[in-house]
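Residue numbers (this note's numbering), protein chains in the order written: chain A, 426 to 769; chain B, 5 to 166. Worksheet: the structure to be examined is printed underneath.
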Ligand SMILES: Cc1cc2nc3c(=O)[nH]c(=O)nc-3n(C[C@H](O)[C@H](O)[C@H](O)COP(=O)(O)OP(=O)(O)OC[C@H]3O[C@@H](n4cnc5c(N)ncnc54)[C@H](O)[C@@H]3O)c2cc1C
Ligand code: SF4
Ligand code: FES
Ligand code: FES
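Okay, here's the thing in structure tokens:
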């Protein structure tokens with residue numbers, strides 16, 4: 426790890442003015458320190474934002490305003506998250522480990538880097554790490570690479586579980602910068618790659634995520650689930666995942682939300698599928714048609730064609746579970762595909 | 005520039021001069037304080053051998069920048085026993101044969117102490133396994149570990165009731 430200067434910011438303004446082009450924000454450190462240890466990034470200054478007053482979760486208009494420093498474990502246990510945004514809790518609890526969730530922050534989770542193993546290897550060409558150097562993942566090991574929204578410049582996926590659920594719930598990322606505040610929908614926060622490069626950074630170096638805003642989920646509060654396929658049932662990143670939420674009245678879907686994880690460089694909101702579900706009865710046939718629409722345009726970025734089938738199945742399963750209703754207590758194995766009490 | 009890190013470690017408060025900001029909490033505990041019970045396995049958050057409690061919550065000390073935890077209260081495996089009297093979780097690991105080589109054990113024990121305090125797994129073995137999934141055991145003593153956590157939970161419930 427390179428040497429750096431350590432600064433602890435006491436105010437947001439101090440944090441922003443301490444920011445430099447080659448500095449980095451330190452929150453929980455669970456991704457930043459990891460990447461510094463393996464030489465993927467080498468910031469010359471760390472600005473510690475753990476003391477900023479961004480630790481609160483406030484209720485507003487039936488929704489929530491979540492401080493960027495709220496730890497993943499605390500967010501997953503918040504009573505309003507559990508009662509009205511259960512897919513957020515299930516996504517969080519399906520990610521990382523209890524130790525990591527105690528340290529990991531909301532802002533850091535959103536800003537975490539891809540788990541592309543070539544990105545993590547400083548000796549491999551990687552347009553995301555070193556623009557213009559190429560992409561070593563093409564023709565390589567692509568199990569956790571994209572099937573949607575990729576280009577030859579970068580086929581990486583964003584690894585966050587939380588972001589998938591947040592995108593499904595129409596969350597908004599609030600960002601402070603030297604010129605004031607701006608906000609970006611979670612769904613489009615992470616830029617997709619273009620023909621020549623991996624896409625711009627989501628934030629300028631002197632911008633800081635302050636909050637995540639979750640609007641009122643209305644009638645979807647108790648029909649929401651997250652399902653995550655991984656190589657082992659716990660403590661593993663998603664191969665594919667899906668967050669689904671439904672509002673069902675008189676046997677018909679009033680509104681539907683579906684977002685996929687592990688498939689693209691951002692959480693993939695399946696708007697066409699959602700539209701097709703509105704007005705339909707919540708049947709497996711309707712969910713299968715929706716899943717086809719969600720995967721429309723999907724293409725393998727390497728030896729990962731199976732992910733298209735897997736993502737389709739996980740989407741259907743998340744919709745079936747959402748229609749069945751969120752259980753009062755989250756299952757012992759959150760988001761597991763091995764759930765006994767559901768025929769999905 | 006040397007910065008002073010204030011930590012309360014197993015009940016004793018200490019001022020630790022830090023002249024290299026790269027130090028993780030794990031490095032400080034092992035190399036500066038001499039508390040080598042906390043182990044370094046992967047050094048990347050993947051194995052749980054370095055688990056300690058910070059203000060009562062379990063974290064991976066290998067991914068904790070020491071300076072960022074200024075003012076914190078740390079409990080390590082050395083802080084559990086009272087003299088010769090083992091903590092119920094330590095006793096249960098011995099009784100239930102919860103280890104083989106023992107390298108992962110301090111991390112397992114710290115994680116189990118926190119899991120029981122979190123109170124969400126109770127006596128459900130599946131929830132215990134899920135709650136302990138951040139602690140890998142290269143010897144695969146998992147069956148004994150789960151049994152030890154359940155035994156300790158029962159013992160601590162009895163203590164609470166008494
Ligand atoms: C072994 C392991 C397994 C994991 N498994 C999963 C998993 O299954 N699912 C999953 O979703 N995640 C998983 N993770 C990733 C984990 O969720 C992230 O490391 C964590 O959420 C990052 O949060 P942090 O607060 O520690 O961020 P840090 O490491 O402090 O920061 C990460 C990045 O975000 C930036 N940043 C942090 N806060 C802000 C802010 N407020 N504004 C602007 N920039 C900011 C930092 O500069 C840095 O670039 C795993 C991690 C490990 C080590
Ligand atoms: S897929 Fe993207 S992150 Fe991975 S090596 Fe290629 S350019 Fe880098
Ligand atoms: S040494 Fe910290 S998790 Fe492995
Ligand atoms: S007892 Fe040997 S690693 Fe767990």
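Glycine included, each C-beta is placed from N, C-alpha and C at the ideal position. Note that the structure is predicted; figures quoted are calculated from it, not measured.
Determine the direct distance from the alpha carbon of residue j to that of residue i, and round the result to whole angstroms.
i, j, result
"residue 617 of chain A", "residue 588 of chain A", "15 angstroms"
"residue 427 of chain A", "residue 449 of chain A", "13 angstroms"
"residue 83 of chain B", "residue 535 of chain A", "35 angstroms"
"residue 664 of chain A", "residue 540 of chain A", "11 angstroms"
"residue 693 of chain A", "residue 504 of chain A", "27 angstroms"
"residue 41 of chain B", "residue 715 of chain A", "53 angstroms"
"residue 573 of chain A", "residue 686 of chain A", "10 angstroms"
"residue 533 of chain A", "residue 452 of chain A", "6 angstroms"
"residue 767 of chain A", "residue 160 of chain B", "Any reading at residue 767 of chain A must be qualified, since the residue scores a pLDDT of 46, below 50, and its modelled position is unreliable; the value itself is stated next. Roughly 35 angstroms separates the two Cα atoms."
"residue 13 of chain B", "residue 69 of chain B", "16 angstroms"
"residue 48 of chain B", "residue 667 of chain A", "27 angstroms"
"residue 723 of chain A", "residue 63 of chain B", "38 angstroms"
"residue 759 of chain A", "residue 431 of chain A", "37 angstroms"
"residue 72 of chain B", "residue 26 of chain B", "11 angstroms"
"residue 591 of chain A", "residue 496 of chain A", "15 angstroms"
"residue 718 of chain A", "residue 480 of chain A", "39 angstroms"
"residue 114 of chain B", "residue 463 of chain A", "27 angstroms"
"residue 139 of chain B", "residue 112 of chain B", "6 angstroms"
"residue 697 of chain A", "residue 9 of chain B", "54 angstroms"
"residue 509 of chain A", "residue 600 of chain A", "24 angstroms"
"residue 31 of chain B", "residue 528 of chain A", "18 angstroms"
"residue 769 of chain A", "residue 597 of chain A", "In this prediction, residue 769 of chain A scores a pLDDT of 42, lower than 50, which makes its location untrustworthy; no coordinate-derived value is stated."
"residue 741 of chain A", "residue 641 of chain A", "24 angstroms"
So, with DSSP's three-state summary, where would you put residue i?
i, result
"residue 612 of chain A", "helix"
"residue 706 of chain A", "coil"
"residue 650 of chain A", "strand"
"residue 21 of chain B", "strand"
"residue 12 of chain B", "strand"
"residue 588 of chain A", "helix"
"residue 607 of chain A", "strand"
"residue 72 of chain B", "helix"
"residue 764 of chain A", "coil"
"residue 562 of chain A", "coil"
"residue 542 of chain A", "coil"
"residue 86 of chain B", "strand"
"residue 567 of chain A", "coil"
"residue 400 of chain A", "What the structure shows of chain A is the stretch from 426 to 769, and residue 400 of chain A is not part of that stretch, so it cannot be assessed."
"residue 439 of chain A", "helix"
"residue 660 of chain A", "coil"
"residue 700 of chain A", "helix"
"residue 593 of chain A", "helix"
Look up residue i in the DSSP assignment and give the residues it is bridged to.
i, result
"residue 473 of chain A", "A/433 and A/451"
"residue 78 of chain B", "B/13 and B/58"
"residue 674 of chain A", "A/677"
"residue 530 of chain A", "A/496"
"residue 485 of chain A", "A/488"
"residue 665 of chain A", "A/654"
"residue 694 of chain A", "A/684"
"residue 551 of chain A", "A/560"
"residue 104 of chain B", "Its beta-bridge partners do not exist; DSSP assigns none."
"residue 28 of chain B", "B/69"
"residue 7 of chain B", "B/22"
Between which two residues does the beta strand (DSSP E) containing residue i stretch?
i, result
"residue 686 of chain A", "677 to 686"
"residue 64 of chain B", "61 to 64"
"residue 635 of chain A", "633 to 639"
"residue 601 of chain A", "597 to 602"
"residue 580 of chain A", "Note, residue 580 of chain A: premise wrong, no beta strand (DSSP E); not H, not E."
Go to residue i, then tell me how far its alpha helix (DSSP H) extends in each direction, as first and last residue.
i, result
"residue 120 of chain B", "109 to 122"
"residue 427 of chain A", "Run containing residue 427 of chain A: none; DSSP gives neither H nor E here."
"residue 726 of chain A", "Per DSSP, residue 726 of chain A belongs to no alpha helix (DSSP H) and is neither H nor E."
"residue 506 of chain A", "504 to 509"
"residue 495 of chain A", "It is not in any alpha helix (DSSP H) - residue 495 of chain A carries neither H nor E in the DSSP assignment."
"residue 151 of chain B", "146 to 165"
"residue 98 of chain B", "92 to 99"
"residue 132 of chain B", "129 to 135"
"residue 737 of chain A", "731 to 749"
"residue 461 of chain A", "457 to 462"
Point to revise | Residues near ligand 4, criterion Cβ-heavy atom distance below 6 angstroms | key: B/103, B/104, B/105, B/106, B/107, B/108, B/109, B/141, B/142, B/143 and B/145
Exercise for review: Collect the residues with a C-beta less than 6 angstroms away from any heavy atom of ligand 3 and give them in sequence order along the chain.
Suggested key: B/44, B/45, B/46, B/47, B/49, B/50, B/51, B/52, B/53, B/54, B/64 and B/66
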